[in-house]
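The structure appears below as structure tokens.
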Amino acid sequence: MNQRTAEMAYLANGSVLKAAKSVHMRQEDFRTILKGAKTFAPNGDAGAKVLLFDIETSPIKGWTWDVWKQNISPVQIIEDSAILCFAAKWLHDDKVLFQKSKGHYLDDRELIETLATLFDQADIIVAHNGKAFDISRVWSRMIFHGLPPPVPFKVIDTCLMARSILNLPHNSLQGIARYYGLGSKMEHEGFPLWFKCMDGDTDAWERMEEYNIQDVLLMEEVYRKLAPYDKKHPNMALYYEDCADRCTKCGAKALVELNVTAKAAVSMYPSFRCKVCGSVCRSGSRIQIAPVMRNIL
Ligand SMILES: [Zn+2]
């Protein structure tokens, strides 16, 4: 067994003990092989497992009568788009995983299997324009390769998040990052980079890897910047087993009680500001109020 296979077993099982059992190895032997591999397990023991990822795809190849406003029918398509590569990382973890198609650029089965494994482990997936593109494209390829659907997860689409809560000149990753001074996407030669990668050019693949990884790192910055303002953000406190008051946006326990209360239809709740991400949230326990106030309704 090589490091890569060990890593895949580890990813699929979530622990060294279970992974070793799954491949009928002693735990110590398995750990020795895994040691030195670029292991890519979800973060930690507690909290939501949040996966950030980004894909790059090959173009669709086809016959076309013209170049402007074309309606290309299925019979005109010679070659469908495949996923060339992806970069992914867990929130709160420095490691970034990059995987590209194996051999021919259309052979994306192995990387799709890795993505499916990662999806199965994730509680929440973050992708920029992920609903319309990255996630739905991965699903398209999972079905193509006959893989079962992933375990359900929540999606945070940083593009939709920006659109719904902000008013920026651009909602592209580059546009949001520029506006907040978070950095920039890596510059490259444009479409020829894709051609070169499809041709197996090693130097081009290095640039593609750098570009793909930079996109995920930039997206993480954008996500961290916007999340405290997002009222539709999944409640991160739900992913901890303790019953402590936690920030609903980042899960931190570092909360400072505010001297204003959050008011719902018939109840009031203590409200807090998170010292880590700055967002405001309310306690799940309501403030006991005098019966006379409840009768106002
Ligand atoms: Zn927070």
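According to my numbering, the residues represented by the sequence shown are 1 to 297, in order. Every residue gets a Cβ at the ideal spot worked out from N, C-alpha and C, and that includes glycine.
- Here Ser271 carries a strand assignment [DSSP, helix/strand/coil].
- The DSSP-derived three-state label of Arg178 is helix.
- The C-alpha of Ala87 is placed about 8 Å away from the C-alpha of Glu209.
- One alpha carbon belongs to Val256, the other to Phe272, and they sit about 5 Å apart.
- Beta-bridge partners of Arg31 (DSSP): none assigned.
- At the C-beta level, Leu182 and Leu218 come within 8 Å of one another.
- When Asn129, Cys281, Leu168 and Arg178 are compared, the shortest CA-CA separation from Val155 is found for Asn129.
- Cα atoms of Ile77 and Thr64: separation of roughly 9 Å, rounded to the nearest angstrom.
- In this structure, DSSP gives Glu206 a helical state, which the three-state scheme calls helix.
- Per DSSP, Ile125 lies in no alpha helix (DSSP H); the unbroken beta strand (DSSP E) holding it starts and ends at Ile124 to Ala127.
- Sequence-distant Cβ neighbours of His233 in its own chain, meaning closer than 6 Å and more than five residues away, are Ala227 and Lys249.
- The way I'd put it, the region 50-58 does touch the region 116-127; three or more beta-carbon pairs between them come closer than 8 Å.
- The three-state secondary structure of Arg163, taken from DSSP, is helix.
- In this structure, the alpha-carbon of Ala19 lies about 22 Å from that of Pro149.
- In the DSSP assignment, the residues bridged to Ala262 are Tyr269.
- Relative to ligand 1, the nearest heavy atom lies less than 7 Å away from the CB of Ala252.
- Residue pairing from DSSP places Ala88 in a beta bridge opposite Phe53 and Leu97.
- The Cβ atoms of Arg137 and Ile83 lie closer than 8 Å to each other.
- Rounded to the nearest whole angstrom, the C-alpha separation of Ser140 and Asp93 is 28 Å.
- For Leu115, the closest C-alpha among the options Tyr105, Lys131, Met142 and Phe133 is that of Met142.
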